[in-house]
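Residue numbers (the UniProt record's numbering): 3 to 553.
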Ligand code: ATP
Ligand code: MG
Ligand code: MG
């Protein structure tokens with residue numbers, strides 16, 4: 003029998019099902035539409051939708067749009083795109099919390115009628131003062147003992163616009179001496195004369211998050227309401243709202259630790275600043291870890307799923323190294339992508355004894371480890387491009403690539419031997435001259451002699467010029483995210499390197515946005531979705547090859 007290890011949430015779900023607390027599982031992802039989603043949200047999406055799938059239950063995407071200040075419909079669209087891209091199925095289960103405003107209002111009235119809520123005239127500052135501290139109990143509001151009739155009348159007046167913002171609030175009547183500050187008569191409704199993107203000007207009172215969220219879950223019959231650890235102290239209030247509003251069955255809140263990544267920026271505030279300062283090219287700049295940025299960089303939903311699974315689900319906070327994300331995308335692409343030839347820092351190589359004007363179309367496997375990816379034809383001729391660092395005039399020890407007198411294999415083609423080179427007035431090499439040996443054609447079974455180095459190349463007259471963008475981490479965490487002295491961010495000045503003069507083999511004819519490839523010896527690359535055109539290809543390096551040999 004297969005041993006399956008279950009995370010603590012799955013163990014809780016198993017118990018709930020065994021005890022008959024629920025008969026099926028329903029989860030949700032409840033973003034506030036106030037920004038782009040990032041890798042942390044991906045964890046929540048994959049966790050929640052994954053549980054629904056595993057337990058043959060249902061997954062909901064619900065926009066938590068109860069706060070009219072910050073919402074933006076642009077974010078609604080981007081969030082839908084991202085959730086769908088990750089493969090979380092919310093077909094028939096897309097909800098907006100603002101559609102429940104009527105029910106939330108009725109819940110508040112119900113609490114008033116039960117003597118469990120009251121209208122309070124204290125200002126926000128006074129409420130804070132009365133609340134007490136961790137070591138000191140709070141004091142009752144002078145308005146706490148208003149009659150039910152008076153509370154009903156005042157709350158209705160609040161709804162009808164009789165009061166200004168901040169003039170009155172509705173508070174749950176719980177316990178001002180509770181050791182949990184969240185239970186000290188929390189505000190559950192406030193007056194805010196604001197336009198809402200969905201409900202327009204219908205409402206001038208809006209529910210607070212801690213009141214709205216459990217009601218949203220209960221209305222949708224969510225069974226397991228999974229959220230991050232900072233809500234642990236809010237759980238007693240969550241349970242209070244569900245119980246006092248008499249929802250049955252009651253949803254259950256379970257908390258897990260947020261995902262933090264090292265050497266990346268996730269905070270909305272910081273990203274906004276990077277965008278404003280022009281350090282990055284928008285929210286989807288490939289150096290960021292918004293889901294849109296990861297997609298543009300060339301990450302796949304499968305790689306993010308693998309990453310999230312590897313991270314696991316736990317109650318203890320910790321951060322994960324970006325290198326693990328890189329590991330996942332390498333693993334995912336290794337067998338799935340063609341291995342192409344591209345030269346990122348070109349110099350000319352001329353084969354002196356190869357006939358002028360002749361071309362051979364060499365047949366190559368697209369991926370030697372996966373024959374299912376088929377074969378392609380690569381042109382070979384007298385003038386090629388090779389990488390500048392694959393030739394040295396005076397090589398150090400153990401350098402097995404080209405230098406005067408040395409022979410190497412041109413990948414998929416022939417052995418070539420360096421006979422001479424040309425330089426410009428500054429001594430930079432401009433052309434490497436070689437001779438080739440027709441006997442040594444790749445696949446011909448030639449065994450006469452061996453060479454130690456194999457280098458890649460592209461045929462100069464057939465190559466396509468391309469722009470390649472190489473990335474490093476945006477911030478260096480060892481130096482600290484912030485500069486101690488002036489509070490500025492410690493931005494890595496080399497986080498983006500643009501190479502405009504690269505050459506790729508001609509087989510990228512119909513490559514389109516987000517397509518990705520291995521460039522042999524150089525890593526995995528993805529067609530940039532914003533800037534690439536069929537005539538001027540732009541590639542983002544997703545990740546280098548782990549084993550790439552550097553001098
Ligand atoms: P941020 O401020 O980074 O956008 P948030 O908590 O304000 O995060 P919400 O839109 O409120 O974002 O969150 C939607 C869901 O995503 C919540 O259930 C939240 O717990 C979860 N979530 C947010 N950040 C992370 C994270 N780093 N790791 C795991 N889950 C997260
Ligand atoms: Mg958010
Ligand atoms: Mg939030």
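The C-beta atom is built at its ideal place from N, Cα and C for all residues, glycine as well.
Inter-residue Cα distance where the pair is residue i and residue j
i	j	result
residue 346	residue 480	30 Å
residue 455	residue 417	10 Å
residue 112	residue 247	7 Å
residue 58	residue 29	11 Å
residue 459	residue 465	10 Å
residue 269	residue 331	23 Å
residue 284	residue 16	43 Å
residue 129	residue 191	14 Å
residue 200	residue 110	21 Å
residue 166	residue 126	13 Å
residue 423	residue 540	31 Å
residue 24	residue 225	7 Å
residue 265	residue 149	56 Å
residue 543	residue 366	23 Å
residue 431	residue 510	29 Å
residue 361	residue 387	15 Å
residue 277	residue 83	21 Å
residue 154	residue 235	30 Å
residue 222	residue 6	30 Å
residue 41	residue 358	53 Å
Residues bridged to residue i (per DSSP)
i	result
residue 505	345 and 467
residue 439	417
residue 410	418
residue 202	198
residue 2	The requested residue 2 does not occur in the structure, where the chain is confined to residues 3 to 553.
residue 520	341 and 526
residue 313	Partner(s): none; residue 313 has no beta bridge.
residue 21	For residue 21, which the question treats as bridged, DSSP gives no partner whatsoever.
residue 30	62
Residues near residue i in its chain [Cβ-Cβ closer than 7 Å; skip 5 each side]
i	result
residue 21	none
residue 421	354, 435, 436 and 437
residue 548	332
residue 81	33, 35 and 39
residue 14	256
residue 392	403, 404 and 457
residue 303	87, 88 and 89
Cut-off 8 Å between Cβ atoms - residues of its own chain near residue i, not counting five sequence neighbours on either side
i	result
residue 337	369, 371 and 372
residue 169	123 and 193
residue 319	231, 259, 260 and 262
residue 313	45, 261, 322 and 326
residue 95	60, 61, 62 and 63
Endpoints, the beta strand (DSSP E) within which residue i is located
i	result
residue 542	539-545
residue 230	226-230
residue 96	96-98
residue 379	377-382
residue 208	207-209
residue 62	60-65
residue 258	254-258
Bounding residues of the alpha helix (DSSP H) (the contiguous stretch that carries residue i)
i	result
residue 330	324-336
residue 239	237-246
residue 87	75-87
residue 107	103-115
residue 278	270-278
residue 173	Counting along the chain, residue 173 falls outside any alpha helix (DSSP H), though it belongs to the beta strand (DSSP E) covering 171-174.
residue 295	293-299
Cβ of residue i within 7 Å of any chain D Cβ
i	result
residue 386	Reference to chain D is not applicable here, since this structure consists of a single protein chain.
Cutoff 6 Å; reference residue i; Cβ partners in own chain excluding five residues on either side
i	result
residue 528	300, 518, 542 and 544
residue 551	Low local confidence applies: a pLDDT of 32 at residue 551 is under 50, so the model's placement there is unreliable, with the coordinate-based value given in what follows. There are no such residues.
residue 142	178
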